[in-house]
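Peer 1:
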Amino acid sequence: MTHTLLTAPTLPQALDDGINALAAAHLQVDIAPYPGMDDGDLIELFWNNCFAASRRVTAGKVGTPTRLRVPESFVLDGVAQVHYQVMQIGHTAVRSAVARLRVKTQCPGGQPVPAHSDENQNLAPVGLPDTIRRYGVNASQVRRGIPLTIEPYLNMSAGDAITLRWGDVRLDLPKIQAADVGLAVQVWVPSTLIIEAGDDSRLDVTYCILDRVGNNSRWAPVRTLAIAAAAPARPDGTALIYQPHPLG
Numbered sequence: 001m002t003h004t005l006l007t008a009p010t011l012p013q014a015l016d017d018g019i020n021a022l023a024a025a026h027l028q029v030d031i032a033p034y035p036g037m038d039d040g041d042l043i044e045l046f047w048n049n050c051f052a053a054s055r056r057v058t059a060g061k062v063g064t065p066t067r068l069r070v071p072e073s074f075v076l077d078g079v080a081q082v083h084y085q086v087m088q089i090g091h092t093a094v095r096s097a098v099a100r101l102r103v104k105t106q107c108p109g110g111q112p113v114p115a116h117s118d119e120n121q122n123l124a125p126v127g128l129p130d131t132i133r134r135y136g137v138n139a140s141q142v143r144r145g146i147p148l149t150i151e152p153y154l155n156m157s158a159g160d161a162i163t164l165r166w167g168d169v170r171l172d173l174p175k176i177q178a179a180d181v182g183l184a185v186q187v188w189v190p191s192t193l194i195i196e197a198g199d200d201s202r203l204d205v206t207y208c209i210l211d212r213v214g215n216n217s218r219w220a221p222v223r224t225l226a227i228a229a230a231a232p233a234r235p236d237g238t239a240l241i242y243q244p245h246p247l248g
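Under the UniProt record's numbering, the sequence shown is numbered contiguously, ending at residue 248.
1) Is the beta carbon of residue 75 less than 7 Å from the beta carbon of residue 52?
2) Do residue 228 and residue 142 have their beta-carbon atoms positioned less than 7 Å apart in this structure?
3) Given residue 254, which residues of its chain have a CB within under 7 Å of its CB, disregarding the five upstream and five downstream residues?
4) Hey, quick one: how far does the beta strand (DSSP E) through residue 84 stretch, first residue to last?
5) Determine whether the beta carbon atoms of residue 93 and residue 85 lie at a separation below 7 Å.
6) Nearest-angstrom Cα distance between residue 121 and residue 61?
7) When the Cβ atoms of the stretch 190 to 208 are set against those of the stretch 120 to 137, are three or more pairs found closer than 8 Å?
8) Classify residue 217: buried if its beta carbon has 16 or more other beta carbons within 10 angstroms, exposed otherwise.
9) Per DSSP, what kind of secondary structure is residue 201 in: helix, strand or coil?
10) Determine, using beta carbons only, whether residue 213 and residue 18 come nearer to each other than 7 Å.
11) Report all residues from its chain with a CB closer than 8 Å to the CB of residue 169; omit the five preceding and five following residues, and keep chain order.
12) Residues in the same chain with beta-carbon distance under 7 Å from residue 48, minus the five sequence neighbours each way, listed in chain order, please.
13) Could you spell out the range, first to last residue, of the beta strand (DSSP E) harbouring residue 171?
14) Report buried or exposed for residue 23, applying the criterion of at least 16 other Cβ atoms within 10 angstroms of its Cβ.
15) Apart from the five residues just before and just after residue 64, which ones in its own chain have a Cβ nearer than 7 Å to its Cβ?
16) When the Cα atoms are used, what is the spatial distance from residue 20 to residue 13?
17) Three-state secondary structure (DSSP) at residue 22?
18) Hey, how far is the Cα of residue 226 from the Cα of residue 30?
19) Which whole-angstrom value describes the C-beta separation of residue 152 and residue 178, a residue pair presumed to lie in contact below a C-beta threshold of 8 Å?
20) So residue 87 and residue 41 are supposed to be a Cβ contact under 8 Å. How far apart are they, rounded?
21) What residues in its chain sit with their C-beta under 8 Å from that of residue 28, if we drop five residues either side in the sequence?
22) Which of helix, strand or coil does DSSP assign to residue 54?
23) Give the straight-line distance between the Cα atoms of residue 132 and residue 148, rounded to the nearest whole angstrom.
24) Near residue 123, what residues of its chain come up, given a Cβ to Cβ distance below 6 Å and the 5 sequence neighbours on each side ignored?
25) Would the beta-carbon of residue 96 fall within 7 Å of that of residue 6?
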């Protein structure tokens, strides 16, 4: 085996070079076959320069990828550097290039309690004007659209993608930018969406958040509204307005 740098390991569970909570619990690293691979080679995996796992190559595995598992205790939030080295009898150990990724195991809104629940009580219900919360959405408001607020939440991060659920209709909001973190998310619910969802005396409104590495907040507690039965004709397209602003 030559002493050129080996290719970096790959992490099949990574999303956009990131590791989420689900992946961290059972994290796997793949090592591609390398020149001179032979029976008896020892492959050692390092996580942030600390030994994490090893595998000895057997005759039947020569020329095939090697998969190793990283102990969950190693996978801590932050930037991680992963590499491996190959040791062969009579040769100096050869090191691989480094794979760099970010670990984020903190879910948007914090961990739901109980963990198996579809709802995350750590998230605030959507904010609405008092008159709409008390009396519902009238026909005039259906024609215009209505304002809605999503409060800042625990572990809010750049790249978070929020999906609003209005009855059976969903609306994907623009991703959170770095400057938006810690700010309330202001949304204008367009008339087209309200009409599409239809009139209802008890329409549920909620939202969920998916961060950039795939951690899911689950749904916020619902806000139930009455929607005017006399829905007007669908107007021409109404644009979504999204403008974060500081609280207070």
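Glycine is no exception: its CB is placed at the ideal position from the N, C-alpha and C atoms.
Just so you know, these numbers come straight off a predicted model, no measurement behind them.
Peer 2: With the given structure in hand:
1) no
2) In this structure, residue 228 lies closer than 7 Å to residue 142 by Cβ.
3) Residue 254 is absent from the model: the chain starts at 1 and stops at 248.
4) First-last of the beta strand (DSSP E) with residue 84: 78 to 87.
5) yes
6) 49 Å
7) yes
8) Residue 217 counts as buried, since no fewer than 16 other beta carbons sit within 10 angstroms of its beta carbon.
9) strand
10) yes
11) 193, 196 and 197
12) Counting only Cβ-Cβ distances below 7 Å, and skipping sequence neighbours, we find 80 and 81.
13) 169 to 172
14) buried
15) 33
16) So the alpha carbons of these two residues sit roughly 9 Å apart.
17) Residue state for residue 22 is assigned as helix, using DSSP reduced to three classes.
18) 53 Å
19) So it is not a contact: roughly 14 Å between Cβ atoms.
20) 7 Å
21) 11, 12, 13, 67, 68, 69 and 70
22) strand
23) 10 Å
24) 109, 153 and 220
25) Taking 7 Å as the cut-off, the beta carbon of residue 96 is found closer than this to the beta carbon of residue 6.
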